């Protein structure tokens, strides 16, 4: 007999005869009421067991996280809290779950404990909700770009290019860890490695995406990227998913417009499609914040905050204006910042970004036109000769969520910059070809997907919004 | 001035005043007719230059692959082959392209040559079409699963598990290639490596996806996977994208139904959304096959072949039946197979799979119920004690496109199998937890995305359907 999903049963518009549901027991009360969940929704369906006519042996096996199959009628519920419930005629235990051994007890566990049980934490309301929201957000990303005619490009994960420029890289090899073969000079002979040379995991698909943008016009990537950085923070992962659109003929303003429109679309999509999950996560956040001092609590509940982002323009501020604001700010004058802003050219730290977003503007902020010497080699030099057409989007509670730029399309200027920075032209011959043959203004950005999921779910540690986080010292499961 | 995409201009229902288009020159004929392409469609728009009033200097710079911006009116075309063309009033050269140096000349290049210029090959009609079809197929994958309520799960790329069981793995490390730190026993001290242990690139997300299926019910992965195998064939890549759905409560028949329905959906989606590109690729294939002997040519043109797959049931055949067919086949009797099929239990080679699909059944075939000892440890043992609930889907011209199974849900049977095969229970403690706590029948499969793209585009080498292929000895760009 085909089972019906819990979500469909709960959304039924009539009572139903002889239906079957399968799922996992969340709770079993009074030897009678099963709260059954099958992952299709955060909501459980109440299954009423005829305990007088059910063998004691079976009743005992209805434990938290046991898998069961219930057959019966979908009837109007007499209890409060649900419209329908299942009047169970037959119950079958598909898989037992020893209540004493099952690690996730029906009580509040710490997020740290749940991370150690990442294979089971998804059986909780919170992580079920987070992972459904993550999935819906992923789909929204694809739908946004596909509707606009962008081509999805799978840029390589294993790369022979070490000039991607976005961070420290992991090495990929099939050579033995000990006694790797040596060449005549006595160095490790990478010619004998799988790819015949040294290879790494990509830190960004941008450079190759640019080659595709210069043919297909509008492209985007959405795939895993890697940073071998020893950052044990709540905002960094060694393996994370990044979205990188790249658009021919877009200048920096077009790029900012695209990023803002994109973020609003995907956040709205989540709000429209994940109502139950987000409502639960809003409650979770509110509850969590009760333990914080008043001053550190969010000013808005989760859904209001998401609505605020959807409905309001992001504030666009040049780096130069931002420096003026920061220099004159109270924490700067009172030397509360760890890094005091004295002059133009300083790199902004997250304390400064947070001040701008959370205290000064109180909305998402797009900073643009940064000093050239704190930004990457491929960014378009402005006519002033000292700033580049870079932009970062900063979000309250998250910090930088997007980093992008208009790209330097002028062959000579780009090559000169690479020489100054010691970037090998030979290695990037193919990248330079985009400027040799039919170059044009183009722009793009990178958005760290997990930071977006953090923002939308109201979670505070990035390890809680990816199924199995990879961080320094940890690659479990 | 905002430019309009070529696709939108070609689909216009009226003439238009004062429009702007930007793109790359495909050809320039008679000092007058530019075929302009911007990647939004395989079709070019004809731009008619008023050559008498355009400086000679500008006309000279209208070369293949130069980037140009043209402004003018969209008018009805006097020539054959297009409804509309642009009567150019102003032309600006955005980026020159030296016709003598541009590697891709307006002539037929070999696919091998184009692979060496993978950053530019996407500027050809064929590769533009392939990459647009690939993108649309990707979206169809997500849409299919999301519409059915599946949750997209990003399983880890870097894994500490070496028992995924699908093939040879790449090592991921930040230890120095020479003089890596040693422990007291004199071995490389992986405790000092980034993750504190040995890590590899994933060969399959299945095992972790199973943990999610046992909470969320229906999940799927779609991400890069890796095989460090020295397979220099037209069907293998070291880095490829794989789709792995996993569904709680599905048995092997449900699994076959899902796979067949899924494939038909995505192929139909491509046919419905990539008409122009597929028509071009059909012509390319027909042209290519003219150089082959009659017997080796496809029996159907590309679109007819795709229609055939969409409209016909896949033939479901047990391994045992397949062995009988093969044993009695002419190539077996005449000893034309390299591996002669004598008895039940033999592993099928691609020559056998091809015979079944291309000669015997002449349609996609699902083989199921394989001998246990030629399949992976996690497959559900049948009641006969010698076969497992495995299934492979074989496609004409492609071979195996899907491999899947019902999973062994019985803790004791699974552990016994792991012991026999020497698979470490300690390492897979979290996998075994799915059978300890609320186990249930469940099934899934893996589909190699590039093989699907091969099939739909009619290409014959898998290196031509991924932007930058990674193969033994090659990780360029």
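Protein chains in written order, with the UniProt record's numbering: chain F, 1 to 477; chain X, 1 to 477. Built from N, CA and C at the ideal position, the CB exists for glycine as well. Quick caveat: nothing in here was measured; it's all calculated off a predicted structure.
- Look at the region 127-141 of chain F: the residues with a C-beta under 9 angstroms from a C-beta of chain X are 127, 128, 131, 132, 134, 135, 136, 138 and 139.
- Listed along the chain, the chain X residues whose CB falls inside 8 angstroms of the CB of residue 344 of chain F amount to none; the nearest CB is some 33 angstroms away.
- Assigned with DSSP and collapsed to three states, residue 14 of chain X falls in coil, not helix or strand.
- In the three-state DSSP reduction, residue 193 of chain X falls in the coil class, being neither helix nor strand.
- Considering only X:43, X:121, X:40 and X:31, the residue with the shortest C-alpha distance to residue 88 of chain X is X:31.
- Using a CB distance below 8 angstroms, the part of the region 169-182 of chain F facing chain X consists of 170, 171, 172, 173, 174, 175, 177, 178 and 180, ordered along the chain.
- Residue 123 of chain X has a beta carbon lying within less than 8 angstroms of a beta carbon in chain F.
- When the five nearest sequence neighbours on each side are left out, the beta carbons in the same chain lying within less than 8 angstroms of the beta carbon of residue 12 of chain X are those of 74 and 84, in order along the chain.
- Residue 458 of chain X and residue 322 of chain X have their C-alpha atoms roughly 27 angstroms apart.
- By the rule that beta-carbons nearer than 8 angstroms mark a contact, residue 433 of chain F touches chain X.
- The beta carbon of residue 167 of chain F sits closer than 8 angstroms to the beta carbons of 203, 227, 228 and 229 from its chain, once the five residues preceding and following it are set aside; these are given in chain order.
- In this structure, the alpha-carbon of residue 185 of chain F lies about 16 angstroms from that of residue 198 of chain F.
- Residue range 239-248 is occupied by the beta strand (DSSP E) that includes residue 242 of chain F.
- Counting other Cβ atoms within 10 Å of its Cβ, residue 422 of chain X stays below 16 and is therefore classed as exposed.
- Listed by position along chain F, the residues whose Cβ is nearer than 8 angstroms to that of residue 153 of chain X are 131, 135 and 467.
- For residue 300 of chain F, there is no enclosing beta strand (DSSP E), since its DSSP letter is neither H nor E.
- Around the beta carbon of residue 231 of chain F, a 10 Å sphere encloses fewer than 16 other beta carbons of the protein chains shown; the residue is thus reported as exposed.
- Secondary structure of residue 420 of chain F (DSSP, three-state): helix.
- Within the region 202-219 of chain F, 208, 211, 212, 215, 216 and 217 place their CB atoms closer than 7 angstroms to a CB of chain X, listed in sequence order.
- Counting only residues of its own chain and dropping the five nearest sequence neighbours on each side, residue 455 of chain X has a CB closer than 6 angstroms to the CB of 395 and 398.
- Per DSSP, the beta bridge partners of residue 46 of chain X are X:35.
- Rounded to whole angstroms, the gap between the alpha carbons of residue 365 of chain F and residue 355 of chain F is 11 angstroms.
- Put simply, the CB of residue 38 of chain X is near chain F, with a gap under 8 angstroms to one of its CB atoms.
- Residue 216 of chain F sits in a helix when the DSSP states are folded into three classes.
- By the C-beta density criterion, residue 141 of chain X is buried, having at least 16 other C-beta atoms within 10 angstroms.
- When DSSP reads this structure, residue 200 of chain X sits in a beta bridge with X:159 and X:171.
- By the rule that beta-carbons nearer than 8 angstroms mark a contact, residue 12 of chain X does not touch chain F.
- For the region 443-470 of chain F, residues whose beta-carbon sits nearer than 9 angstroms to a beta-carbon of chain X comprise 449, 466, 467, 468, 469 and 470.
- Counting C-beta atoms within 10 angstroms of its own C-beta, residue 65 of chain X has 16 or more neighbours from the protein chains shown and is therefore classed as buried.
- Listed along chain X, no residue sits closer than 9 angstroms to residue 264 of chain F by beta-carbon distance, the nearest being about 20 angstroms off.
- Its chain contains 193 and 194 as the residues whose beta carbon lies nearer than 7 angstroms to that of residue 174 of chain F, once the 5 sequence neighbours on both sides are disregarded; these appear in chain order.
- Flagged as an interface residue toward chain X: residue 120 of chain F, by a C-beta distance shorter than 8 angstroms.
- Secondary structure of residue 321 of chain F (DSSP, three-state): helix.
- Residue 361 of chain X sits in a helix when the DSSP states are folded into three classes.
- Cβ atoms of residue 469 of chain X and residue 237 of chain X come within 8 angstroms of each other, at about 6 angstroms.
- Put simply, the backbone Cα of residue 282 of chain F is about 11 angstroms away from that of residue 306 of chain F.
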